[in-house]
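Trainee: Mind having a look at this structure? Questions to follow.
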């Protein structure tokens, strides 16, 4: 209960906090939310299904209002809470964090995200899915560049189109299950109606594809990132996109696996195209944020393709990679944000020689660069390793395509790093890192290395959920919840 | 202390050193920083020696399980056997010498502590690479050394003149290595799919138990492994990064790009020998690539004017030679050459470092000359190194090279012939280098000359140690024909890790033949030495300027235009694709397509609005039309559908 | 008696007349521009409906339809009142009762 | 029945109280009357009415709900209009009186069970509106709107009557259940009946403002005042839609499948035409009129849904009406000389209540959960899903265009540029906004009862 | 002359005068023709034995409403030729639309014609009498009758409100 509603309450309170106190309030509040979720984590037994809300009756429309979490959801909740704390910390020395509206909206978004991760009812899931869109939209609008309407519209309408498709699919799902409870939906029987299942899942997938974003649906991303404030980009990239990936693992596969056989290879192909396409475009981008946006397309294409393999290892690896991508996203956009803050530009051509004047920043940026190219010792390595392995096992062509990210990733990331940090000393004045930025970088590095050396901790939590899906797919599972 | 703990200490010491230096180094005096780092590596070396002496059988140390996936686990395990301990000794031994050297060489550098941090990290990664008991840990080390290499090549990114070039070289090295890494990854995937484990020992057992089951997949795996090896060990087609990597500080070149990291590919191949033995095609490919590399690199080295570039191409060439040995299945021979090469190449690089240090960072041999008197210790040690690499009889290089040549002779005279050409070229460019640098008159101007001085003790001691090793290194693996009892000590030592597969042993060779081959090699080395002495000392020939060169010299000095070719074939198309996709597809098709659609939708609003003309009669007219439509719908439907 | 009760034409004739009146009213509404004439045409249409209802009433021998006609007349009267007052008001504003003059609101 | 009488009498009293020229008193009287009407409607079944209950006017459970909603929305409209009406003290009471008379018509239209009550209800509903639209007498736009509405409306009435006559001619009765019985006994294939039904449908489409009978909508909405527009968009539309749905789901249910094609056509064209035409508008009320056409398109799905049509419509209308009233209120607050949308710039950023209401209203109109608008649309679409999937998909696409429309308004209103532009609000306006907010946020909770 | 003939002649006259309503250029003539049409319709009512309605029709329409129309015409001084230049295309399309409406209605309802063909209507003498209608009106349809008062009040208020001359627009 408090897990879900604490952010909402704090979010509403945040709107009324005087400007002077917003900053500490935001950080403390986010940490307290994180603490609450950690308490849940401590009391959590990996094989449990903790119900937060479990009304016995079924309401009209098939609404059940069930909410609860398993290991998978709890990991996502923790990720959300941690990332939001980090984002607030990263923005500590920026004007935006003393804005009550920003803080409030961030918590509202957190509320929507936690709700999404813990909802066990189709309509609730959809509701939170849409709800998450609103705060981020306002954050992007109010704190982004003022001339960003076009990009914003594109973002909003794209995601809305996806959501509407998802709505259609959920409506259709209603004909296959007695109500919208997750436990009923996963038992929806599509035997003999695989094409219908494929169409329904296609609708849901469309929503996810837009948000991830998969290859042809990504055009909203780069302009949105470019125009967004640093915090907004972080929220978008580190959290919003994860909603879709989580949805794929938790909702799409267990419910509609019968139909997904038709979608498996198309999505994997799109993911594969995205990997190469994003990487290739990223190579020549001049704007750091655009570059990272395309890099993100590349990374997420890999994750999406991996999830669509439906193998336990691939999904576990995807989860590791999801967490890693959150770390990377926060890290890289923080770097871009720091540069933009100090120099008012993100164009690589205008940068150069920053490492000379700001060696600490240079060092941390390098660390983040290596984290993002998934070198060993970081979480990305294990994730990428197993994902590419599974893809390779599925088909060698997609395996090789996916592996190209190793090389291309190094190319564009090092180019970005080199272009901005080394080279001709165009930048002569550059304030080095502030304490909060140090702290953020250090925490992120710790997390990345920690998960890189011992990813088992994630796997232990999510394994029961994924095995649940597997058992479901093999067809011998009865549910009582 | 048990072996396990000793091993873990051995590995972690450099890491601890790196951590201390990394965090506190800035606030500590340089002497402490340097000696701490050196001590860490040296203690590791000592531990390694302890383990070496107490080595009996293969020991596997389980540290922890990284992750357990559905059908495979990833473990952090370490393996102690003859091969790994041998590599460990080379790494930590040479490593501590180079650390020592660096204390002097880098003494004026701002990033002193950073340098030692990276160096220690590198040693740590390298130890992971060679001590890991499975391909997974190996990969950690593999990539780790790549990162350290990147950091160290680009160490002087702040340099006003060369900063950009340095960082570009670092990037190039990293990316090229990554291509190789991808190959290694694929090999790992295939192994996981077929063996469901990455442990060397287990895979080895499976393969040796039923080789016929795995012949097909072994070919694919070994090809991928070899791709990885070409990346790290700078073979064709991925060798161009190594010469560029000389942008790093000289100790780095010595340690990473001559003595240790580049031999990782050799190590990998030897480590996977049980697989390579099942894949004769791959071995043939390795042989061909090795030969090609050694010749091409030697050719290029002949007309390089940068002292370190010459040595770099020489390294590539020597690595090619080692791969030739691998391609022939002579694993221990390759390792022997690795060892001797580590000695003399480290010596040469450090020597060149000493020269560069003395010359105030001047690297162009055209500006040197006559340094033999100014820097005597460097001169002598460098001479020893040159002799060793050129195959001067009874020096270390002579023996190791000779083994390879003997194997080549065994396999095919053509191979032998080509290798002889390469060996000759090696001698030529090395003596050219030596004479141009240390003899003749000083060409760098008076001002520079006044600065030239012999390096300090911390730099000369490693030189002397390495010189001794270069001279006597051959003892490790004396040819069996000549020295019956002492012979092939190293090969025997390493036998336990090569699984006793059908290796060709030079023992089978006729004794006379062997001696003749040795004589030919010695003769070549001596004659080239004489020729070079005449040309460069007596005739005072100097390296030509570009304009005066004839065709082959141009080819050589321009590195066969390979960089340019790569640029045209691979880099430009991808960058073109990037720009084109971004501007054409992304912008025009996806972006503008959508905006066209939205503006079309908005514009269509103007058309629909026109219907609303504002005239009441029009509204009424349309209402009537609506009713007519409704009734027509009824008439049509009831007439035709009922 | 039978003869006496014959009201003249058959059912279909009255329906025909009613449709004709209705269509004429509609044509009037569409063609004429004078608002008063428009109003009259609408009254004509309402009368067509009345005629139809009375016809059916007779046909079914049921008085209810005639009550309905009564209500229609009531409503028609009210509508005429409102219509005329709107017309007067509009005339005051634009000094015209030509409906073509009213097209400021469009698009 | 009691509620109807109470409301009518309140209207009458209001007319007389108006002579005192005290707008507050008038408002109080009207409010008390409306609340009394609401309560008597609410407790309709719990007490013995002093009036004899009439066969032709009966409230089933759903009709009861609709009646309550209509009274409630009228109350909100009355409050909304207060600020505007009080400036014209001469006519304050006339506004209220006419509005209440119209409400009695709406109640008749909701509770009818024979065609007499239906017809009278429709007329009582419409005739005061003709007047209310034109009540800004000096304003030529207003009189133009009134003229247009009146003539198209009378024309539609004539068509409706012709349809009624034909229906009567084929079934011989004005009682809804008897007509239904006659239809069920095989009358539904009679041409006369079908033509009658089609003509009635045309008139219904006119009343609810669907294509191709929508033309009056934009002009009339633009020409009328905010308060009247809010009333039209909420109560009038609600009553007309209810009657429409009631007719086609019960009385004519055996014909409905036959005419479904036409209704679907009307739905699709209304949706697209409404949203597309709205895109380029500069007048707020005109834009809302087009948006209302499109929303009518959604609401018409209820006609095709026998089982849940009325319930879905109720939810949908509460979402739509509350959002529209809230937006109209905001428009009233920001309106300067014209109701140009440009006036909206930045108001949401500097006025929190307006901002929140505006965002939530627009999101609800766009169909984003968890607001009532979403649940309405969801119910309507989900019931049409199996039978009319292509139309549902088209509706989804159209609602995307609609979302774009609302989003633009939202972005405009939330722009930071208008910062510092604090607006003055009356207590009544604040109450209206809060009531609407409550409706949008909580309306769907009715589902759970 | 049989009743049938009479009714046919009456019908034709009704249609003819109705046509004159829309064809005559002069509004006052239109009004007069409309009154005549109403008379003919009333005559048909009498034929169908709906005497009460016939009377009401005469009184309310011909007597009250039409006088109101004439009164407004006079009031606004519109008795001269007011028809502005007409849009020929508009007229034609309107005629086509109206004609089509007529044809379509006839086509659709032709089956009902066959249904009633040869069937002469049997008059039920009592239905249209004042007494019977009055009984029905004040028993079964009392409530609608009362409710129509709301309509009248609304119309009255509205008419007064709209038609009253306001101070500010006198000038």
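Residue numbers (the numbering used here), protein chains in the order written: chain P, 1137 to 1617; chain G, -10 to 631; chain L, 650 to 756; chain R, 25 to 473; chain A, -4 to 166.
Quick reminder that beta carbons are idealized off the backbone N, C-alpha and C, glycines included.
Can you say whether residue 1327(P) is buried or exposed, counting buried as having 16 or more other CB atoms within 10 angstroms of its CB?
Mentor: The residue you call residue 1327(P) lines up with position 191 of the first chain. Exposed, because fewer than 16 other Cβ atoms sit within 10 Å of the Cβ of residue 1327(P).
Trainee: Please list the terminal residues of the continuous alpha helix (DSSP H) segment that includes residue 464(R).
Mentor: Translated into positions along the fourth chain, residue 464(R) becomes position 440. Counting along the chain, the alpha helix (DSSP H) containing residue 464(R) begins and ends at 451 to 466.
Trainee: Mind listing the chain P neighbours of residue 307(G)? Cutoff is C-beta to C-beta under 7 Å, in chain order.
Mentor: Working through the second chain from its first residue, we reach residue 307(G) at position 318. Within 7 Å Cβ-Cβ: nothing; residue 307(G) doesn't reach chain P, min ~27 Å.
Trainee: Tell me the residue span of the alpha helix (DSSP H) that contains residue 412(G).
Mentor: Stepping through the second chain from its first residue, residue 412(G) is reached at position 423. Unbroken alpha helix (DSSP H) run through residue 412(G): 402 to 427.
Trainee: Short check: CB of residue 679(L) to CB of residue 93(A), under 8 Å?
Mentor: Indexing the third chain from 1 puts residue 679(L) at position 30. Indexing the fifth chain from 1 puts residue 93(A) at position 98. Yes. Within cutoff.
Trainee: Provide the residue span of the beta strand (DSSP E) that contains residue 53(G), from first to last.
Mentor: Here residue 53(G) refers to the residue found at position 64 when the second chain is read from its first residue. From DSSP, the beta strand (DSSP E) with residue 53(G) extends over 48 to 57.
Trainee: When DSSP builds the beta bridges, which residues end up paired with residue 307(R)?
Mentor: For the purposes of this step, residue 307(R) is taken as the residue at position 283 of the fourth chain. 364(R).
Trainee: Determine the chain L residues that contact residue 170(R) at a beta-carbon separation under 8 Å, and present them in chain order.
Mentor: Locating residue 170(R) in the fourth chain gives position 146, where the first residue counts as 1. Going along chain L in sequence order, the residues near residue 170(R) (Cβ under 8 Å) are 735, 738 and 739.
Trainee: In this structure, how does DSSP classify residue 1186(P) when only helix, strand and coil are distinguished?
Mentor: Locating residue 1186(P) in the first chain gives position 50, counting from the first residue. Note: residue 1186(P) maps to strand in three-state DSSP.
Trainee: At which residue ranges does the region 1559 to 1584 of chain P contain complete beta strand (DSSP E) runs of 3 or more residues, listed in the order of the chain?
Mentor: Qualifying beta strand (DSSP E) stretches: none in this window.
Trainee: Can you tell me where the alpha helix (DSSP H) holding residue 1246(P) begins and where it ends?
Mentor: Counting from one through the first chain, the residue named residue 1246(P) turns up at place 110. It spans 1236 to 1254 - the alpha helix (DSSP H) in which residue 1246(P) sits, taken as one unbroken run.
Trainee: Determine the extent of the beta strand (DSSP E) in which residue 356(R) is found, giving its start and end residues.
Mentor: By 1-based counting over the fourth chain, the position of residue 356(R) is 332. Taken as a continuous stretch (DSSP letters only), residue 356(R) belongs to no beta strand (DSSP E), being part of the alpha helix (DSSP H) at 333 to 358.
Trainee: Please decide whether residue 1554(P) counts as near chain G, where near means a Cβ-Cβ distance under 8 Å.
Mentor: By one-based count along the first chain, residue 1554(P) stands at place 418. Cβ-Cβ to chain G under 8 Å: yes for residue 1554(P).
Trainee: Tell me which residue opens and which closes the beta strand (DSSP E) that residue 62(G) is part of.
Mentor: Counting from 1 along the second chain, the entry for residue 62(G) is found at position 73. Note, residue 62(G): beta strand (DSSP E), 62 to 69.
Trainee: Using a 10 Å radius around the Cβ and a threshold of 16 neighbouring Cβ atoms, would you call residue 152(R) buried or exposed?
Mentor: Within the fourth chain, residue 152(R) is the residue found at index 128, counting from 1. Its Cβ being crowded by 16 or more others within 10 Å, residue 152(R) is buried.
Trainee: Tell me residue 535(G)'s beta-bridge partners as DSSP assigns them.
Mentor: As a first step, residue 535(G) is located in the second chain; it is residue number 546 there, counting from the start. Per DSSP, none; premise fails for residue 535(G).
Trainee: At least one CB of chain L closer than 8 Å to the CB of residue 155(R): is that the case?
Mentor: As a first step, residue 155(R) must be located in the fourth chain, where it is residue number 131. Yes, its Cβ sits closer than 8 Å to a Cβ of chain L.
Trainee: Would you report the Cα separation of residue 1442(P) and residue 1379(P), rounded to the nearest angstrom?
Mentor: In the first chain, residue 1442(P) corresponds to position 306, counting from 1. In the first chain, residue 1379(P) corresponds to position 243, counting from 1. About 16 Å.
Trainee: For residue 137(A), which residues in the same chain have their Cβ closer than 8 Å to its Cβ, ignoring the five residues on either side in sequence?
Mentor: As a position in the fifth chain, residue 137(A) is number 142, starting the count at 1. Once the five neighbours on either side are set aside, residue 137(A) has no close Cβ partner at all.
Trainee: Does the beta carbon of residue 694(L) come closer than 8 Å to any beta carbon on chain R?
Mentor: By 1-based counting over the third chain, the position of residue 694(L) is 45. Output row for residue 694(L): interface = yes.
Trainee: Looking at the C-beta of residue 719(L), does it have a partner C-beta in chain R at a distance below 8 Å?
Mentor: Mapped onto the third chain, residue 719(L) falls at position 70. Residue 719(L) does not count as touching chain R.
Trainee: Against residue 25(A), what residues of chain L qualify as contacts under a CB-to-CB distance less than 7 Å, listed in chain order?
Mentor: Start at 1 with the first residue of the fifth chain, and residue 25(A) comes out as number 30. Residues of chain L passing the Cβ test: 686 and 689.
Trainee: Can you grab the Cα-Cα spacing for the pair residue 1158(P) / residue 136(G), in whole Å?
Mentor: Numbered from 1 along the first chain, position 22 holds the residue referred to as residue 1158(P). Numbered from 1 along the second chain, position 147 holds the residue referred to as residue 136(G). Spanning the two alpha carbons is a distance of roughly 42 Å.
Trainee: Assign residue 44(A) to one of three DSSP states: helix, strand, or coil.
Mentor: Walking along the fifth chain from the start, residue 44(A) turns up at place 49. Residue 44(A) falls in the coil class under three-state DSSP.
Trainee: Anything in chain A within Cβ reach of residue 743(L), meaning under 7 Å, just list it in chain order.
Mentor: The count along the third chain starts at 1 and reaches residue 743(L) at position 94. Simply none; closest approach about 12 Å.
Trainee: Do residue 385(G) and residue 461(G) have their beta-carbon atoms positioned less than 8 Å apart in this structure?
Mentor: By one-based count along the second chain, residue 461(G) stands at place 472. By one-based count along the second chain, residue 385(G) stands at place 396. Cβ distance < 8 Å, so residue 461(G) and residue 385(G) count as in contact.
Trainee: By Cβ distance, which residues of its chain are closer than 6 Å to residue 1161(P), with the 5 residues on each side in sequence left out?
Mentor: Counting from 1 along the first chain, the entry for residue 1161(P) is found at position 25. These residues qualify, in order along the chain: 1153.
Trainee: Taking 8 Å as the cut-off, decide whether the C-beta atoms of residue 107(R) and residue 453(R) are in contact.
Mentor: Looking up residue 107(R) in the fourth chain gives position 83. Looking up residue 453(R) in the fourth chain gives position 429. Taking 8 Å as the Cβ cut-off, residue 107(R) and residue 453(R) qualify as a contacting pair.
Trainee: Nearest to residue 476(R) by CA position, among 167(R), 275(R), 132(R) and 100(R), is which residue?
Mentor: Look at the range of chain R in this structure, 25 to 473, and you will see that residue 476(R) is not part of it.
Trainee: Distance check for residue 1584(P) and residue 1261(P), CA to CA, integer angstroms please.
Mentor: On the first chain, residue 1261(P) is found 125 positions in, with the first residue counted as 1. On the first chain, residue 1584(P) is found 448 positions in, with the first residue counted as 1. Looking at the two C-alpha atoms, the distance is approximately 30 Å.
Trainee: Under a three-way DSSP split, which group does residue 391(G) fall into?
Mentor: Along the second chain, read from residue 1 onward, the residue named residue 391(G) stands at position 402. Looking at residue 391(G) - three-state DSSP - the assignment turns out to be helix.
Trainee: Compute the beta-carbon to beta-carbon distance between residue 1598(P) and residue 1207(P), rounded to the nearest angstrom, for a pair I have assumed lies under 8 Å.
Mentor: Reading the first chain from its first residue, position 462 is the one you call residue 1598(P). Reading the first chain from its first residue, position 71 is the one you call residue 1207(P). About 5 Å; that satisfies the 8 Å criterion.
Trainee: Select from 259(R), 68(R), 26(R) and 310(R) the residue whose C-alpha is nearest the C-alpha of residue 298(R).
Mentor: Taking the fourth chain and counting its residues from 1, one reaches residue 298(R) at position 274. Of the listed residues, the one whose Cα sits closest to residue 298(R) is 310(R).
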